[in-house]
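> Chains A and B supply the protein sequences, listed in that same order.
Add 4 to a position in the first sequence, counting from 1, and you land on the number used in the numbering used here.
Add 431 to a position in the second sequence, counting from 1, and you land on the number used in the numbering used here.
Positions of the beta carbon are idealized from the N, C-alpha and C atoms, including for glycine.
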Amino acid sequence: MPDTVRLGAGSGFWGDALDPALEVLREGNVDFLSMDYLAELTMALLQRQRGKDPKAGYISDLPAHMAALLPLAREKGVRIVCNGGGANPRAGAAQVAEVARSLGLTGTKIALIEGDNLIDRIDELMDAGVPLTNLDTGDTEFKRIRNRVVAANAYTDASGIREALDQGADVVVAGRVSDNALYVGPLMHALDWDYDRTDPNLIAAGITIGHVMECASAATGGMSSRFAEMPNMGRVGFPIAEFSRDGTAVITKVPGSGGRVDAHTVKEHLVYEVMDPASYIMPDGVADFTRLRLDEIGPDRVRVSQMGGRGRPDMLKLIIGYEDGWIGEGIMFFPWPDALGRAEKAKITMLERFERLGLKADEVQFDLVGVNMLHGPAAGVPTYDPNEVGLRVAVHTDTKAEAEKVRRACAQLWIMGPGGTSFGAPLKPRPVISVWPTLVPRDAVRQRVEILEA
Amino acid sequence: MPFLHEIAYVRSGDKSDSVSVGVIARTPADYPAVLRTVTPAAVKALFGDWVRGEVEVYPMDNIEAVMVVMRRALGGGATRTLRLDQTGKALGNGVLRLPVVDAPAADAA
């Protein structure tokens, strides 16, 4: 068993840059490269793609990414773990096998992990008495949205990834495993962790480091409050974790890459998208971020120690996506002088148009761009005459036809509106997939691992 | 009166309809003022009807930070909200508008 496992981040979200992943592969001396592609909303989009085409539903960038990464990964013996299977890990893995064959990398083992997708098991869960209460609103009337459900995926744990790596997988293509499991899985495999035998504090340490790593450059200066002082963010280095068997770790990056690793960049990511920091609940365990210790031990090197937590929960998070009407929106801009006055008169005019057009909307929002669009009620009124102000309007409707009326009203204001109105390109109505977050018993979710050989 | 942005950094994000904001003291010496300033009532008052649920504040003494959790604060969640800032990334900076609360006179002496 190794004393230290070297984990590299290769992607923080679908759309992330590929060059830092290649840099980690080339120069990071890592054992594993973990790539996160999924957000809460992504599964519903992918499920819809799969509905139209049974061969779709995985992350469409996956084949191109693997074509770029695989030759180097195979040469260096770096194993890639990703959730790019999305709503169709089987099709995604088959594509990766195809890519490996076309590169002459025959014998490459590609594991697929299924079992998170519960779309066809919802009625079974309801019949079994699982309440599916909405965790945000406390709403117990899941029945109300039952017929509009388009996706249902449980955040699954690292056991499938561990099994795949134990079986010798060079690439793991998972679906909705937790982002975190992409890092915990390799640790479980390399350090021979087991949920029953291993000290929960050790697994919680893995969860903590997974959390720091999972959004890639967000731990190396991306999104930083100190962005102005971060060097060369356009060629930022993705984070690397040197995880020791004793449950401590060092966060670092490739020397010479852009960005920075210091106590603050690690702190900034530790608090990202966290609720109660003493109970960071993941399918593999519950980490407590309130007792760990950070030490800067060298340039771009931060040691994380005293990590800990508790064993894994009995319930898994289930994200259900459902069709929830339409959003119509528009935006236009007004110039100095009295840009704010023009925007406010345009808003009154638009409301009159909505009335004339008979708009049926259950929610209407106006934002003054440059004034209160981002901070809402927390933003004050300008005490000067701004150079320009925008007016943004967004409404929620039941149907596309109603949402379309917003685009029409905005276009009508091009001439009916204030002098100087600059309108840009009109925005199309978009369908809404809302999220119903809930819990499902762990026992109801079974992961399945299968190996394809290129 | 100084504002929170002079003594703290933030990182802001979402979990369905909740907004999560980590407020990190710039230096350990700033941490007591961050704790005094960032309270559920102050945050709730700041954002008015944009935050429809409760506000919770969790201290993290080990890294001189507090977690602010605002429930039902994203207009229905990233995919459903009518706001342009669908994931609440900018709301953390909004918290930095809070005026820093001074230490009680006895402590200051």
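(1) Show which residues of chain A have a CB atom less than 7 angstroms away from the CB atom of A496 of chain B.
(2) Whole angstroms is fine: what's the gap from A382 of chain A's alpha carbon to E495 of chain B's?
(3) Mind checking whether the beta-carbon of G421 of chain A lies closer than 7 angstroms to any heavy atom of the ligand COA?
(4) Taking any Cβ of chain A, which residues in the region 445–473 of chain B have a Cβ under 9 angstroms from it, in chain order?
(5) Would you mind giving the Cβ-Cβ distance between M491 of chain B and V497 of chain B, rounded to the nearest angstrom? I have them listed as a contact below 8 angstroms.
(6) Between which two residues does the beta strand (DSSP E) harbouring C86 of chain A extend?
(7) Using only the alpha-carbon positions, how far apart do R10 of chain A and L191 of chain A sit?
(8) Out of A:L45, A:E300, A:G16, point me to the one whose CA is closest to G155 of chain A's CA.
(9) In angstroms, rounded to a whole number, what distance separates the CA positions of E437 of chain B and T256 of chain A?
(10) Less than 8 angstroms between CB atoms is the rule here; does P287 of chain A satisfy it with respect to chain B?
(11) What's the C-alpha gap between R152 of chain A and T468 of chain B?
(12) Answer with yes or no whether the minimum CB distance from M377 of chain A to chain B is below 8 angstroms.
(13) Sort A:V393, A:V177, A:L107, A:D328 by Cα distance to P422 of chain A and report the nearest one.
(14) Answer yes or no: do P67 of chain A and Q99 of chain A have a C-beta to C-beta separation smaller than 8 angstroms?
(15) Would M501 of chain B count as contacting chain A if we go by Cβ distances under 8 angstroms?
(16) Can you list, in chain order, the residues of its chain with a C-beta nearer than 7 angstroms to that of Y276 of chain A? Leave out the 5 residues immediately preceding and following it.
(17) For a contact defined as C-beta to C-beta under 9 angstroms, what are the partners of M279 of chain A on chain B?
(18) Expressed to the nearest angstrom, what Euclidean distance is found between the alpha-carbon atoms of E485 of chain B and F17 of chain A?
(19) Should the region 202–210 of chain A be called in touch with the region 306–320 of chain A, which here means at least 3 C-beta pairs below 8 angstroms?
(20) Give a yes or no on whether the C-beta atoms belonging to L529 of chain B and A460 of chain B are separated by under 8 angstroms.
(21) Residues in its own chain within less than 7 angstroms of T224 of chain A by CB, not counting five upstream and five downstream?
(22) What are the start and end residues of the alpha helix (DSSP H) that includes N524 of chain B?
(23) With a CB to CB cut of under 6 angstroms and the five nearest residues on each side skipped, what residues in its chain are close to A539 of chain B?
(24) By Cβ distance below 6 angstroms, which residues in the same chain neighbour V450 of chain B in space, the five residues on each side in sequence not counted?
(25) Let me know the beta strand (DSSP E) ranges lying completely inside the region 270–319 of chain A, each 3 residues or longer, listed in chain order.
(26) Answer yes if the region 370–377 of chain A comes into contact with the region 340–359 of chain A, meaning at least three C-beta pairs across the two stretches below 8 angstroms, and no otherwise.
(27) Please report the straight-line C-alpha distance between A115 of chain A and D445 of chain B, rounded to a whole angstrom.
(28) Report the rounded CA-to-CA distance for A131 of chain A versus T144 of chain A, giving the unit in angstroms.
(29) Hey, how far is the Cα of V531 of chain B from the Cα of T470 of chain B?
(30) List in chain order: all unbroken beta strand (DSSP E) runs of 3+ residues lying wholly within the region 150–191 of chain A.
(31) Is it right to say F338 of chain A is buried, meaning 16 or more other beta carbons lie within 10 angstroms of its own, or is it exposed?
(32) Have a look at G55 of chain A and E118 of chain A and give me their C-alpha separation to the nearest angstrom.
(33) Would you mind reading off the limits of the alpha helix (DSSP H) that contains A253 of chain A?
(34) Helix, strand or coil for N391 of chain A? Go by DSSP, reduced to three states.
(35) Starting from K59 of chain A and walking both ways along the alpha helix (DSSP H), at which residues does that stretch end?
Once the coordinates are examined:
(1) Numbered from 1 along the second sequence, position 65 holds the residue referred to as residue 496 of chain B. Per Cβ cutoff of 7 angstroms: K271, V275.
(2) Numbered from its first residue, the first sequence carries residue 382 of chain A at position 378. Numbered from its first residue, the second sequence carries residue 495 of chain B at position 64. One C-alpha to the other measures close to 25 angstroms.
(3) The ligand COA is not among the ligands present in this structure, which contains no ligands whatsoever.
(4) D445, K446, S447, D448, S449, S451, V452, G453, V454, I455, R457
(5) As a position in the second sequence, residue 491 of chain B is number 60, starting the count at 1. As a position in the second sequence, residue 497 of chain B is number 66, starting the count at 1. The Cβ separation is near 6 angstroms, so the contact holds.
(6) The residue you call residue 86 of chain A lines up with position 82 of the first sequence. 83–86 is the span of the beta strand (DSSP E), which, as asked, contains C86 of chain A.
(7) Sequence index remark: in the first sequence, residue 10 of chain A carries index 6 (1-based). Sequence index remark: in the first sequence, residue 191 of chain A carries index 187 (1-based). Distance between the alpha carbons of R10 of chain A and L191 of chain A: 9 angstroms.
(8) Taking the first residue of the first sequence as 1, we reach residue 155 of chain A at position 151. Residue identity differs from the one stated: residue 155 of chain A is Ala in this sequence, not Gly. Checked all of A:L45, A:E300, A:G16; the closest Cα to A155 of chain A is A:L45.
(9) As a working mapping, residue 437 of chain B is identified with position 6 in the second sequence. As a working mapping, residue 256 of chain A is identified with position 252 in the first sequence. Going by the C-alpha atoms only, they are around 28 angstroms apart.
(10) Here residue 287 of chain A is taken as the residue at index 283 of the first sequence, counted from 1. Not closer than 8 angstroms to any Cβ of chain B, the Cβ of P287 of chain A fails to qualify, so no.
(11) Here residue 152 of chain A is taken as the residue at index 148 of the first sequence, counted from 1. Here residue 468 of chain B is taken as the residue at index 37 of the second sequence, counted from 1. Roughly 44 angstroms separates the two Cα atoms.
(12) Sequence index remark: in the first sequence, residue 377 of chain A carries index 373 (1-based). It does; some Cβ of chain B falls within 8 angstroms.
(13) Taking the first sequence and counting its residues from 1, one reaches residue 422 of chain A at position 418. Measuring from the Cα of P422 of chain A, the nearest candidate turns out to be A:V393.
(14) For this step, residue 67 of chain A is matched to residue 63 along the first sequence. For this step, residue 99 of chain A is matched to residue 95 along the first sequence. Yes, these two residues count as a Cβ contact at 8 angstroms.
(15) Position 70 of the second sequence, counted from the first residue, corresponds to residue 501 of chain B. False, the Cβ-Cβ gap to chain A never drops below 8 angstroms.
(16) The residue labelled residue 276 of chain A in the question sits at position 272 within the first sequence. Correct list, in chain order: C219, A222.
(17) Locating residue 279 of chain A in the first sequence gives position 275, counting from the first residue. Neighbours of M279 of chain A on chain B, chain order: K446, S449, S451, E487, Y489, M498, V500.
(18) Taking the first residue of the second sequence as 1, we reach residue 485 of chain B at position 54. Taking the first residue of the first sequence as 1, we reach residue 17 of chain A at position 13. So the alpha carbons of these two residues sit roughly 29 angstroms apart.
(19) yes
(20) Counting from one through the second sequence, the residue named residue 529 of chain B turns up at place 98. Counting from one through the second sequence, the residue named residue 460 of chain B turns up at place 29. Cβ distance not < 8 angstroms, so L529 of chain B and A460 of chain B don't count as in contact.
(21) Numbered from its first residue, the first sequence carries residue 224 of chain A at position 220. Closer than 7 angstroms at the Cβ level, and outside the excluded window around T224 of chain A, lie V240, G241, F242, P243, K257, G263, R264, V265, T269.
(22) One-based indexing of the second sequence puts residue 524 of chain B at position 93. Segment 522–526, the alpha helix (DSSP H) holding N524 of chain B.
(23) Within the second sequence, residue 539 of chain B is the residue found at index 108, counting from 1. Confidence at A539 of chain B is low in this model, with a pLDDT of 49, below 50, so its placement is unreliable and the value that follows should be read with caution. Same-chain partners within the cutoff: there are none.
(24) Sequence index remark: in the second sequence, residue 450 of chain B carries index 19 (1-based). The residues are M501, A504, L505, G519, L522.
(25) 284–286, 289–292, 297–302, 305–309, 312–314
(26) yes
(27) Counted from its first residue, the first sequence places residue 115 of chain A at position 111. Counted from its first residue, the second sequence places residue 445 of chain B at position 14. About 31 angstroms.
(28) Here residue 131 of chain A refers to the residue found at position 127 when the first sequence is read from its first residue. Here residue 144 of chain A refers to the residue found at position 140 when the first sequence is read from its first residue. Contrary to the premise, residue 131 of chain A reads as Asp rather than Ala in this sequence. Near 15 angstroms, if we compare the C-alpha coordinates of T144 of chain A and D131 of chain A.
(29) Position 100 of the second sequence, counted from the start, is the residue given in the question as residue 531 of chain B. Position 39 of the second sequence, counted from the start, is the residue given in the question as residue 470 of chain B. Going by the C-alpha atoms only, they are around 11 angstroms apart.
(30) 153–158, 175–178
(31) Within the first sequence, residue 338 of chain A is the residue found at index 334, counting from 1. Classification for F338 of chain A: buried.
(32) Here residue 55 of chain A is taken as the residue at index 51 of the first sequence, counted from 1. Here residue 118 of chain A is taken as the residue at index 114 of the first sequence, counted from 1. Answer to the nearest angstrom: the Cα atoms are 17 angstroms apart.
(33) Start at 1 with the first residue of the first sequence, and residue 253 of chain A comes out as number 249. Counting along the chain, A253 of chain A falls outside any alpha helix (DSSP H), though it belongs to the beta strand (DSSP E) covering 253–256.
(34) Against the first sequence, residue 391 of chain A aligns to sequence position 387. N391 of chain A falls in the coil class under three-state DSSP.
(35) On the first sequence, residue 59 of chain A is found 55 positions in, with the first residue counted as 1. No alpha helix (DSSP H) holds K59 of chain A; DSSP gives it neither H nor E.
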